[in-house]
Amino acid sequence: MIPVAGTVRIGDYRVHGFRLSIPFLLLWILLLPLLVLAVPVLFIACLIARVNPFKGVAALLQMLAALKGTRLDVENDYFSLLLNIF
Amino acid sequence: MSETRRQVLEMLAAGKITAEEADRLIAALERDIPAAAAQPEAGTRPSFKAKYLRVIVESDDPNESHGPVKVNTRVPMQLLRAGVKLAALIPPQARNHVDQALHDQGIPFDMSQIKPENLEEIVDQLTDLTVDVDVNDLDHKKQKVKVKVFCE
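Residue numbers (my numbering), protein chains in the order written: chain A, 24 to 109; chain B, 496 to 647.
Structure below.
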């Protein structure tokens with residue numbers, strides 16, 4: 024299943040940074056019409072690159088779905104970044 | 496002597512069951528006991544399937560101006576599987592470029608050797624992976640970098 028939500032935190036949000044929750048589910052719904060338009064372009068790009076377009080799209084979707092559970096947390100005295108995908 | 500076996504013998508002594516019936520009951524108990532004993536043994540060795548690859552880096556290098564750095568990443572194993580599948584779709588000419596670039600960086604790596612059919616074997620090997628690296632500044636006796644790679 025593709026990720027449905029995510030959190031991005033840049034800096035210490037209690038002091039001067041911010042924390043943003045991203046509802047990916049809404050994003051996917053908004054991007055769906057664009058994706059439909061992009062399908063022929065992707066298909067042609069795959070044919071030019073001599074890649075099976077169906078396998079390519081399947082692998083990309085699989086990768087998107089596999090992002091669920093990813094977490095990246097970097098911090099030092101001046102900067103902190105947190106990325107969490109649910 | 497087990498409680499159930501004692502009960503069977505007591506029933507035999509009380510004349511509630513015959514010797515043949517007692518024999519059959521004890522034989523049935525003996526059949527059940529090894530099966531029951533084998534169950535916990537199998538339970539003690541569950542097949543561990545790692546879900547995430549964790550990389551934790553802690554650096555407290557005093558020469559760095561931005562203070563101690565902490566990196567904590569959690570990468571789903573499923574993403575590694577999907578990545579290998581995607582890598583298999585890279586056209587040969589692009590793969591050669593990648594191999595050449597890696598070779599120039601001193602990493603002799605052949606991407607064509609990564610095949611989806613060997614995928615599970617690669618991920619299974621990663622399951623047992625644990626890397627602990629401690630870099631110490633011997634002059635100042637101060638720990639500088641700690642890297643931990645493991646699966647969970």
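For glycine and all other residues, C-beta sits at the position ideal for the given N, C-alpha and C.
| Check | Outcome |
| --- | --- |
| If we count Cβ pairs, one from each stretch, closer than 8 Å, do we get three or more for the region 501-521 of chain B versus the region 589-599 of chain B? | no |
| With DSSP collapsed to three states, give me the class of Leu-624 (chain B). | coil |
| Terminal residues of the continuous beta strand (DSSP E) containing Pro-46 (chain A)? | Careful: Pro-46 (chain A) lies outside any beta strand (DSSP E) and carries neither H nor E. |
| Quick one: which chain B residues come within Cβ less than 8 Å of Ala-68 (chain A)? | None at all; the shortest Cβ gap to chain B is about 12 Å. |
| According to DSSP, is Arg-73 (chain A) helix, strand or coil? | coil |
| Does any CB atom of chain D fall closer than 7 Å to the CB of Leu-621 (chain B)? | Among the protein chains of the structure shown, namely A and B, there is no chain D. |
| DSSP three-state call for Pro-26 (chain A): helix, strand or coil? | coil |
| Return helix, strand or coil for Ile-617 (chain B), following the three-state DSSP convention. | helix |
| Would you mind stating whether Thr-568 (chain B) and Val-579 (chain B) have Cβ atoms separated by less than 7 Å? | no |
| Residues bridged to Asn-99 (chain A) by DSSP? | In DSSP, Asn-99 (chain A) forms no bridge with anything. |
| From this set, B:Lys-641, B:Arg-500 and B:Asn-631, which residue's C-alpha is nearest Glu-525 (chain B)'s C-alpha? | B:Arg-500 |
| Going by DSSP, what residue range makes up the beta strand (DSSP E) through Glu-553 (chain B)? | 547-554 |
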